[in-house]
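The structure appears right after this line, and notes come after that.
Protein chains: 2
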Amino acid sequence: MTITIKDIANAAKVSTATVSRVLNGAGGYNEETKKKILQIAEELGYRRNEMARSLVKKSSNLIGIIMPSVSTIFYADIVNGIEKVAQKQGFSVILSHAGVKGNRLIHCLKMLEERKVDGLVIVSIPLMEDQIQAIESLSIPYVLLSTDTPNKQIPLIKVDDYEAAYAATKYLINHGHRKIGLAGVDYSDRVAGTPRIEGYKKALKDHGLSFSANDIKAGDYSFTAGKEALYAFRTEKSGITAVFCVSDEVALGIISAAYELGIKIPEDLSVIGYDNTRVAEMAVPPLTAIEQPFRLMGEKGCFKIIEAIQQKAAVKTEMLPFNIVERASVKHWKH
Amino acid sequence: MTITIKDIANAAKVSTATVSRVLNGAGGYNEETKKKILQIAEELGYRRNEMARSLVKKSSNLIGIIMPSVSTIFYADIVNGIEKVAQKQGFSVILSHAGVKGNRLIHCLKMLEERKVDGLVIVSIPLMEDQIQAIESLSIPYVLLSTDTPNKQIPLIKVDDYEAAYAATKYLINHGHRKIGLAGVDYSDRVAGTPRIEGYKKALKDHGLSFSANDIKAGDYSFTAGKEALYAFRTEKSGITAVFCVSDEVALGIISAAYELGIKIPEDLSVIGYDNTRVAEMAVPPLTAIEQPFRLMGEKGCFKIIEAIQQKAAVKTEMLPFNIVERASVKHWKH
DNA sequence: CTGAAAGCGCTTACAG
DNA sequence: CTGAAAGCGCTTACAG
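Sequence order for the protein chains is A and B.
Residue numbering for the first sequence follows UniProt numbering, starting at 1 and increasing by one per position.
Residue numbering for the second sequence follows UniProt numbering, starting at 1 and increasing by one per position.
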C-alpha cells in the first residue's frame with residue numbers, strides 16, 4: 001500500500017492542497033500545521049511520486065544520455081561527470097545505448113521523448129543533418145560531447161582535435177624527430193580522423209618537414225591497429241623515429257609490437273598517445289599522451305544543459321583545453 | 001504544443017478511450033477506426049507520455065542502477081549488458097552513482113523510489129544489514145551484481161571468488177611454481193578480499209605447499225599497489241617465482257615494477273591477473289588472467305529483474321563461471 | 001492561512 | 001465496437 005498526500009491529509013485533517021504546500025515549502029501556512037504534516041509524513045514513510053509531480057509540472061527533472069554501445073573506458077568518466085552534477089542539481093539521468101555506430105539513435109530519441117526528459121546529452125556519436133533534425137524536433141536543450149557535426153550551429157563540447165594533433169606532432173618535432181608517423185587513424189572519421197591528420201600535416205609543414213602518405217597508417221583506433229601499424233612501418237623500412245598515435249590503445253599496440261620486434265621504446269622509437277586513459281600510466285614504459293578532460297566534459301555538459309533548462313536559453317559550444325602528460329615514451333632524438 | 005490522445009480523438013471524432021485502445025493494440029475496434037486513428041497519430045507526430053501512462057498503470061518500466069562512483073573499466077561492461085536487455089524488453093534504465101564506497105546508497109535509493117522504478121540492480125557495493133533493510137523496504141525486485149552481503153538470503157550474481165582464486169593459484173602450481181605470492185588484496189574486503197585469500201591458501205595447502213603471511217601483499221587492487229607489492233617482495237628476497245594478482249591493474253603494476261627492476265616476465269617471475277579487462281591483452285607480455293564475464297553479469301541481472309517484475313517472483317542467486325585466459329605472463333618453472 | 005476544484009495525459013471497468 | 005466517467009497522485013489558480 002503506497003501512501004500518498006491524501007493519506008497525510010486525512011491523518012492531519014487538512015486538505016491535500018495544504019499538504020502539497022508544506023511538502024514543497026511553498027509558504028503560506030502556519031507553523032502548527034507545517035509541523036503536524038511533516039511529522040505525519042515522516043511517520044507514514046511518505047515518498048513523493050515524481051511521475052505525478054512531473055505530469056502536472058510538465059517538467060521531469062530527467063536528463064537523457066545517448067552514447068555508443070562500446071565500452072571504451074573514457075565513456076565511464078564522461079557519464080560519471082554527467083551524473084554527478086545532475087545528482088547535485090536534483091536531476092536524474094536516464095541512459096541509453098545507441099549501438100556501435102549510433103545507428104539506434106532515433107530509437108533512443110523516441111524513448112527519451114516518451115519519458116519526457118528535460119534535456120539531452122549525446123556522447124561521441126557523429127551526427128548527420130537528418131539526425132540533428134530529429135533531435136531538434138524534441139525542442140529541448142541538448143549538447144554533443146566529444147563529437148561534432150557538419151552543421152556549425154549545433155552546441156558541442158570537445159577538445160580541438162586539430163590543435164591537439166598539431167601539439168602532439170610539434171612535441172615530437174621539438175624532441176628532435178624529423179621523420180614522424182601517424183598511426184591508427186580512420187580516414188573517414190571527420191571528427192577524430194581528418195582533423196588529426198590535418199593537424200599532424202600542418203605541424204610537419206610549419207617545421208619544414210616533408211610529408212609522405214606512407215607515414216600514415218590507417219586503423220580503427222584499436223590496440224590491434226597499433227600493432228599492425230608498427231609491422232607495416234617495419235616492413236617498409238620507413239625510417240620513422242617517432243609515432244603519433246591516435247589513441248592510447250593504438251600506442252599500446254605499437255609498444256606491444258615493438259616488444260615482439262625487439263624495437264626498444266623510447267630508445268629506438270618514440271611514441272605519443274592520445275586520451276590519457278588509465279592505460280597510459282600502466283604502459284611499459286609509461287606513455288606520454290595528449291590528455292582529454294573527459295570527466296570535466298561530462299560535468300560541463302550536464303551543467304550547461306541544466307542551466308539551459310532553467311533559463312530556457314540555448315547551450316553554447318565550448319572547446320576544452322587539452323594537455324600533454326609527459327611520461328617516458330618519448331626521448332630526445334640525437335642525430 | 002505537445003499533442004495528446006485528446007487531439008487525436010478530436011481529429012478522428014472518437015473518444016480518447018478508443019484512441020487509447022488502438023494505440024495500445026488492446027483489440028475491440030474495427031479496422032476502419034484503427035486505420036484512421038493510426039494515420040492521424042502519425043500525421044500529428046504523436047508521442048505518448050510515459051509518465052501519465054505509468055501513473056495509471058502503477059508500473060514505470062524503469063529499472064534503477066546503483067553503482068560506485070569509480071570509473072573502473074568493467075562497470076562499463078556491466079552497465080552495457082544491463083541496458084542492452086532492458087532496451088530489448090521495453091524498459092529504460094536510470095543510473096545513479098552512490099559515491100566511492102557506496103555511502104550515498106540511501107540517497108540514491110530515495111531518488112529511485114520517488115521515480116517509481118520497478119526494479120533495482122546494485123553493482124559492486126558491499127551491503128550491510130541496515131542497507132539491505134532499506135532496499136527491502138521498497139518492495140520491488142532487486143539483485144546485487146559482483147558483490148555480496150553477510151545475509152545469505154539476498155539474491156546476487158557473481159563469480160565465486162574463492163573458487164577463482166583457488167583456480168588461479170592452482171594454475172601457477174601446475175606450472176611448477178612452489179613459492180607463490182598474492183598481491184594487491186584488501187584484507188578488510190569480505191567480497192573480493194578474504195575469499196580470494198582463502199582460495200589461495202587452500203590451493204597451497206591442497207598441494208602440500210607451505211603458506212607464509214609475508215607472501216601476501218595488501219593493497220587496494222590498484223596499479224600502484226601492484227608496483228609496491230613487487231618492491232616489497234624484492235627487498236624481502238622472498239624468493240617467489242610467481243604472483244597471483246587480485247586485479248589486472250595490480251598485475252600491470254607488477255609488470256611495470258619488474259621492468260624498472262630488471263626482472264624479466266615471465267622468465268624470472270610469472271604473473272596472473274584477475275578480471276581480464278582490456279588492459280590484459282595490452283600488457284607486455286600479454287597477461288594471463290582469470291576472466292570475469294561482466295557483460296553477461298549485467299545481462300543476466302537485468303533479465304532476472306524483468307522476469308521477477310513480470311512474474312512477481314523473487315530473483316534467485318546465481319554464480320557465474322569464470323575462465324582462465326592464457327596469454328604469455330606465466331611460464332613453466334624449471335627446478 | 002486553508003480548501004474545493006480543475007487539470008496534467010493517460011487507462012480501464014462499466015454500459016450500451 | 002464505442003463512449004462517458006472515474007481515477008492514477010500530484011499542483012495550483014481561485015475564493016474565502
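Note that CB positions come from ideal geometry on N, CA and C, so glycine has one too.
If you're wondering where the values come from, they're calculated on a predicted model, not measured in any experiment.
* To do: Output, in chain order, the set of chain B residues within a Cβ distance shorter than 9 Å of A/I94.
  => L62, S92, V93, I94, L95
* **Bridge-paired residues (DSSP) for A/A218** => A/V185
* Determine the DSSP secondary structure at A/H332, reduced to helix, strand or coil. => coil
* **Local Cβ density within 10 Å of A/H332, reported as buried at 16 or more and exposed below that** => exposed
* **Outcome for residue 341 of chain B when other beta-carbon atoms lying within 10 angstroms are tallied against a minimum of 16** => No answer is possible for residue 341 of chain B: it lies beyond the span of chain B, which begins at 1 and ends at 335.
* Asked: Quick one: what's got a C-beta closer than 6 Å to A/Y162's C-beta in the same chain, skipping five residues either side?
  -> P195, E198, G199
* Figure out for me which residue from A/A26, A/I132, A/G90, A/A76 has the closest Cα to the Cα of A/R278. => A/A76
* Beta-carbon proximity list for A/V70, same chain, < 7 Å, skipping 5 on both sides -> V100
* Asked: Going along chain B in order, which residues have a C-beta closer than 8 Å to the C-beta of A/I255?
  -> V284
* Can you give me the Cβ contacts of A/A242 inside the same chain, cut-off strictly under 6 Å, excluding the 5 residues immediately before and after it? => L172, H177, I180, S270
* Asked: Are there 16 or more other CB atoms within 10 angstroms of the CB of residue 413 of chain B, so buried, or fewer, so exposed?
  -> Absent from the model: residue 413 of chain B. The displayed extent of chain B is 1 to 335, so no value can be given.
* **Neighbouring residues, chain A, relative to B/R234 (Cβ below 9 Å)** => Going along chain A, no residue has its Cβ under 9 Å from B/R234, so there is no contact; the nearest lies around 17 Å.
* Residues near A/A168 in its chain [Cβ-Cβ closer than 6 Å; skip 5 each side] -> F244, I272, I290
* Using a Cβ cut-off of 8 Å, which residues of the region 73 to 87 of chain B contact any Cβ in chain A, in chain order? -> I73, Y75, A76, D77, V79, N80, E83, K84, Q87
* Taking A/K116 as the query, report the chain B residues whose CB atoms sit under 8 Å from its CB, ordered along the chain. => N49, E50, M51
* To do: Could you pull out every residue in the same chain whose Cβ sits closer than 7 Å to the Cβ of B/L296, ignoring the five residues on either side in sequence?
  => G81, L320
* Who does B/F244 pair with in a DSSP beta bridge? -> B/L182, B/I272
* Applying a beta-carbon distance threshold of less than 7 Å, which residues of chain A neighbour B/V279? -> V279, M282
* Asked: Hey, which unbroken runs of the alpha helix (DSSP H) at 4 residues or more fall wholly within the region 83 to 150 of chain A?
  -> 105 to 114, 129 to 136
* Which residues bound the beta strand (DSSP E) around A/G301? -> Where A/G301 is concerned, there is no enclosing beta strand (DSSP E), although the alpha helix (DSSP H) it sits in stretches over 294 to 311.
* Continuous beta strand (DSSP E) stretch holding B/G226: start and end -> Note, B/G226: premise wrong, no beta strand (DSSP E); alpha helix (DSSP H) at 223 to 236.
* Could you check where the beta strand (DSSP E) with B/K158 kicks off and where it finishes? -> 156 to 159
* Asked: Would the beta-carbon of B/I254 fall within 9 Å of that of B/A183?
  -> yes
* To do: With distances taken Cα to Cα, identify the nearest neighbour of A/F74 among A/K13, A/S124, A/A229.
  => A/S124
* Can you tell me where the beta strand (DSSP E) with B/M67 in it begins and where it stops? -> 62 to 67
* **Closest residue to B/V121 among B/I66, B/I140, B/Q133, B/A41 (Cα-Cα distance)** => B/I66
* Which residue or residues does DSSP assign as beta-bridge partners of A/T288? -> A/I272
* **Cβ separation of B/F322 and B/V185, assumed to be a contact under 8 Å, to the nearest whole Å** => Not confirmed; about 17 Å, so no contact.
* Mark B/M282 as exposed unless 16 or more other C-beta atoms lie within 10 angstroms of its C-beta, in which case mark it buried. => buried
* To do: Name, in chain order, the residues that DSSP records as bridge partners for A/V325.
  => A/A289
* **Interface residues of the region 306 to 335 of chain B facing chain A [CB-CB below 8 Å]** => none
* Asked: Along the region 288 to 307 of chain B, what residues have a CB closer than 7 Å to any CB found in chain A?
  -> none
* Comparing the C-beta of A/G45 with each C-beta of chain B, is any distance below 9 Å? -> yes
* Exposed or buried, A/Y226, counting other C-beta atoms within 10 Å across all chains shown (16 or more means buried)? -> First, the residue type needs correcting, since residue 226 of chain A is Gly and not Tyr in the sequence shown. Buried: at least 16 other Cβ atoms inside 10 Å.
* Cβ of A/Y46 within 9 Å of Cβ of A/I106? -> no
* Under 7 Å Cβ-Cβ, which residues of chain B neighbour A/L269? -> Within chain B, no residue comes near A/L269; the closest Cβ sits about 14 Å away, beyond 7 Å.
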